[in-house]
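As numbered in mature numbering (1 follows the signal peptide of the UniProt record, and there is no 0), residues -21 to -1, 1 to 171 make up the sequence shown, in order.
Structure first, commentary second.
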Amino acid sequence: MKRMKFLLVALSFVGAANTFAQETPAARGLQLSIGAEAALPIGSFHNDSRYKFGGGGSAKLAIPVATVLDFTVSAGYIAFGSSKLRELDPDRGTFTAIPFKAGLQVHTPGGLYFEPQVGFTQTKISKLEGAGVFTYAGNIGFLISKAVDIAVRYEAMASRKGTSITGATNSDVSAKFLGLRLAYNIPFARSK
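Next up, the structure:
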């Protein structure tokens, strides 16, 4: 039984490795991925504020520029609340973020990719408009047969000196979190 499981896992990795094997950018074409996201605040965002978890969604367009390199643009929405799901209601003090990011996705054989990103995030606390802040992120992801994309991410929304973008009482609280994204890829504009 162990051999059978090992064989199935090995075959799935071999199949994934062939997914990006020597595909030209034109053959890969554009890809739009739409996904759900979960987030876990870390550092001062977790310790100095009342936000304990987050959830949302995003869309990302990958534009191939080289055999193993894609230029990406993404937009999303993520809301952070306390320990209860009902806390994601805007009337209950939710911290929301709408990030717009650009990045470079570097593919490795086997479906693994790395993607540094930079951008701008518009924040909001409850119904009050927040600040627009600089954002940076790093993704490590895996493409499962080109259709499913799963990635983990570190993201930080920088605060200005002496301010808190999260509404925390301690100043200089920037919003940093670990995220998990599960997305479906929709390929289009491929050449034959």
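Beta carbons: idealized from backbone N, C-alpha and C, even for Gly.
Computed from a predicted structure; not experimentally measured.
Within 10 angstroms of its Cβ, does residue i collect 16 or more other Cβ (buried), or is it exposed?
i	result
proline 20	buried
valine 44	exposed
valine 131	exposed
asparagine 118	buried
arginine 160	buried
alanine 135	buried
glycine 22	exposed
phenylalanine 24	buried
For residue i, name the three-state secondary structure that DSSP assigns.
i	result
serine 61	coil
arginine 29	coil
serine 23	helix
alanine 126	coil
alanine 41	strand
alanine 6	helix
threonine 73	coil
proline 88	coil
valine 97	strand
glycine 141	In this prediction, glycine 141 has a pLDDT of 49, which is less than 50 and means its spatial position is unreliable; nothing more can be read from the coordinates.
valine 47	coil
proline 153	Note that residue 153 is serine in the sequence shown, not proline. Three-state result, serine 153: coil.
Taking just the CA atoms, how far does residue j sit from residue i?
i	j	result
residue 177	glycine 14	For the chain, the structure presents residues -21 to 171; residue 177 sits outside this window and is missing.
alanine 58	glutamine 10	26 angstroms
valine 127	glutamine 84	16 angstroms
valine 52	serine 124	22 angstroms
phenylalanine 121	glutamine 101	28 angstroms
alanine 76	serine 12	19 angstroms
threonine 3	threonine 87	14 angstroms
glycine 109	alanine 6	42 angstroms
glycine 8	phenylalanine 50	12 angstroms
glycine 82	serine 153	21 angstroms
glycine 98	alanine 137	11 angstroms
isoleucine 129	tyrosine 56	18 angstroms
asparagine 26	glycine 90	36 angstroms
alanine 162	glycine 111	26 angstroms
tyrosine 115	alanine 18	15 angstroms
glutamate 94	serine 28	29 angstroms
glutamate 16	valine 47	25 angstroms
glutamine 96	phenylalanine 167	23 angstroms
Residue j and residue i - do their beta-carbons sit closer together than 9 angstroms?
i	j	result
serine 61	tyrosine 92	no
tyrosine 133	phenylalanine 156	yes
lysine 103	phenylalanine 79	no
glycine 36	glycine 158	no
alanine 41	alanine 54	no
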